[in-house]
Amino acid sequence: MGAAPQAVRASIARPERCPTPRPGHHGDLRGIRVMLDRTASSASPGGIQMDRRRFLKAGTLGALVPGTARAAAGSAAERGNRVRSYRRLGRTGFEVSDVSFGSSRLRHGEEHLVHMALDRGINYFDGADSYTGGASETVLGNALKGRRDQVYLVSKTKSWAGTRRAELDAALEASLRRLQTDYVDVYLNHAVNDVDRLTNPEWGEFVERARAAGKIRATGLSGHAGHLIPCLDHAIDHDLADVVLVAYNFGQDPAFYEQFTRGFDYVAKQPDLPRVLDKAKRNDVGVVTMKTLMGARLNDMRPYEDGGATFAQAAFRWVLSNPNVDALVISMTERALIDEYLGASGATAVTARDVDLLRHYARLNGTSYCRHACNDCAGACPYGVPIAEVLRTRMYATDYEDAAFARSEYRALEVDAAACLGCSGEPCRDACSHGLPVTELCAPTHRLLA
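For the sequence shown, our numbering begins at 69 and goes up steadily by one.
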C-alpha cells in the first residue's frame, strides 16, 4: 500500500482521533470467546457440544451422539439475546462483535433496526456506497448520531484497474457525508474479482493519503466471486489488506461434506478457502465473513426448528467455530431476526443438533444454490457471461425476496446475461458440478432483473 507495514499497523493500533468504541456495558466481555451453548446444554438433558476439530474427526454423522443442546432464539421480550463475544479484528486491534450488522438491504425509515442492534451490543456496522442507492449509509448516519464513538463503521467502493484517485476521493467524501462522520474505521475495495483491481497504483495512493488525513483507519477488500482465492492470496502476500470480507459458509467448506459423502450427490469444491483464511490469520489480517446462510432460505427450515433451535444459529455457529474467523456480518431486516441471530453470539463450537439442521438444509438446497467462488463455471460461456455473478443476483431476488436489491446488483454487472436469451445453452449445460441447471436459470434471471 506504499507505507511501511509497521507504520501502517501502528497507525491503526494507536489512532489519535479515533477512540476505541465502548459498546454499552459489554467491555468486560471483549475478547472472550465463550461457548453460548454451555448454559443451554447444561439445562437440556443429553445436551452435547462438539468443537470443530473433534467434529471433523468424527467421520460420519452416525458417529455423532444426538444431542438436545440448543440456543433458542426466542422473542426480544422473552430472551433479549445480546452480543456475548467481541473478537480482535486482526492487526487493526478493533474488538468487534462476533455477530455484526450488514446494511446491504437497509432502507429509509429503518433507523430503529440500527438502534436495536446497537442496544444489543453490536458495534461493527458494515456498509457500502452502492447499498440501496446510498440510502443505507444515510440511515446509518441518522441512527448513529451521538453514538459514533461506540461503533466501528465500514464502507466500500469499487476501485477498478483504471479508476483514478480523484474518483476514489469523491466516493469516500460522499460516504462520509451520508454517514455524517469525518472518518470510517474500515474502507474496502468492494467485490474484487480481478487481481488487476488490487494492483492499480491509484488505489494505493488514495489509501495512503486518506489514512494520513485521518479519514480511514484500515483498508482491504471484499469478495465473493470466482477469482476470490487468487485475489485474497495476492492481497495477503503483498500486504495490501488489514481486513478482508469474504463469502464463507458450511456449504463451501469441503470438511463439511467429507463427513457425509454417502448422503450427498455432490462435493464442495473450495478446498483453498480454508487455506486462505488460515493464511490471513497467520498474517494478522482481520477476517469477516458474509453469505453465511448458504442462500438464507430460512422458511424452508422453520418446520424442522423444534425447541427454539434455528438453522441460522447453526450456520453461524459453524462459521464462528472456525478460529480463523473474527466476525460475520448479516443483513438484519427485522427485529425478530436480530434477536434470533444474536442467539449464536459467543459460539466456538457446533452441536450435533446444529449439524443435523445444516445437513437437512444442504439436502433441500444443495443442488439449487450457487456456491460463491466455486469457479466451476468460469469460462464456460463463449460470450463472457459471468454465470456465478448472474446467479448471485438471482439469489437476492428468489431467496432473499429482495427484488430491488437484486435488480441493483444485476445492473451493476459489467456483463449481464442478455446473450443467454438467444443461446442454445449447450456451452454451459454441464458447467456446474453441483447440478445447477445453468441453462434454465441465466436467461430467466435476465428477464427478471434487466
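No residue lacks a Cβ here, since even glycine has one placed at the ideal position from N, Cα and C.
Computed from a prediction, not measured in an experiment: that's the story for all the values here.
- T419 and G202 have their alpha carbons spaced roughly 40 Å apart.
- With a cutoff of 9 Å on beta-carbon distance, Y220 and L266 are scored as not near each other.
- A straight line joining the alpha-carbon of V254 with that of D394 spans about 15 Å.
- Leaving aside the five residues that flank A486 on each side, the residues in its chain whose CB is nearer than 8 Å to its CB run, in chain order, H514, A518.
- Residue state for F169 is assigned as strand, using DSSP reduced to three classes.
- For I190, the three-state secondary structure derived from DSSP is coil.
- Listed as beta-bridge partners of M358 by DSSP are A315.
- The three-state secondary structure of V263, taken from DSSP, is coil.
- In the structure shown, the three-state DSSP call for D217 is helix.
- Per DSSP, S204 is one residue of the alpha helix (DSSP H) stretching across 203 to 211.
- Annotation: the continuous alpha helix (DSSP H) that includes A471 extends over 471 to 479.
- For L341, no beta strand (DSSP E) run applies; the uninterrupted alpha helix (DSSP H) run containing it begins and ends at 340 to 350, by DSSP.
- Shown here, E482 sits in coil according to DSSP, grouped into three states, outside any helix or strand.
- For L396, no alpha helix (DSSP H) run applies; the uninterrupted beta strand (DSSP E) run containing it begins and ends at 395 to 399, by DSSP.
- Inter-segment contact for the stretch 486 to 502 and the stretch 439 to 453 is present: three or more beta-carbon pairs are separated by less than 8 Å.
- Counting along the chain, the unbroken beta strand (DSSP E) around Y255 starts and ends at 252 to 257.
- Scanning Y468, C449, A472, V312 for the CA closest to the CA of V506 turns up C449.
- Counting only runs of 3+ residues, the beta strand (DSSP E) found wholly inside the stretch 216 to 250 occupies 220 to 225, in chain order.
- Rounded to the nearest angstrom, the Cβ distance from R365 to D470 is 13 Å, too far for a contact under 8 Å.
- The stretch 293 to 308 makes contact with the stretch 343 to 353: 3 or more CB pairs, one atom from each, lie closer than 8 Å.
- In terms of Cα proximity to L296, the closest of Y316, E482, A417, I406 is Y316.
- For G288, DSSP records a beta bridge to L256, V311.
- In the three-state DSSP reduction, A518 falls in the coil class, being neither helix nor strand.
- Secondary-structure assignment with DSSP links Y372 through no beta bridge to anything.
- Using a 10 angstroms sphere on the CB of E205, the tally of other CB atoms reaches 16 or more, which defines it as buried.
- Under the three-pair Cβ rule at 8 Å, the stretch 399 to 412 counts as touching the stretch 175 to 188.
- Just so you know, the alpha carbons of Y372 and R285 end up roughly 44 Å apart.
- According to the DSSP assignment, R279 belongs to the alpha helix (DSSP H) that extends over 269 to 280.
- A buried status is given to P454, since no fewer than 16 other beta-carbon atoms sit within 10 Å of its beta-carbon.
- In the three-state DSSP reduction, Y154 falls in the strand class (E or B).
- Between the alpha carbons of K349 and A242 lies a gap of roughly 32 Å.
- For D340, same chain residues with a beta-carbon under 6 Å away, outside a window of 5 residues either side, are I297 in chain order.
- DSSP places C299 inside the alpha helix (DSSP H), whose first and last residues are 296 to 305.
- Burial of G363 is indicated by the presence of at least 16 other C-beta atoms within 10 angstroms of its C-beta.
- The continuous alpha helix (DSSP H) containing F379 extends over residues 379 to 388.
- Between D187 and F169, the C-beta gap is not smaller than 9 Å, which leaves the two residues out of contact.
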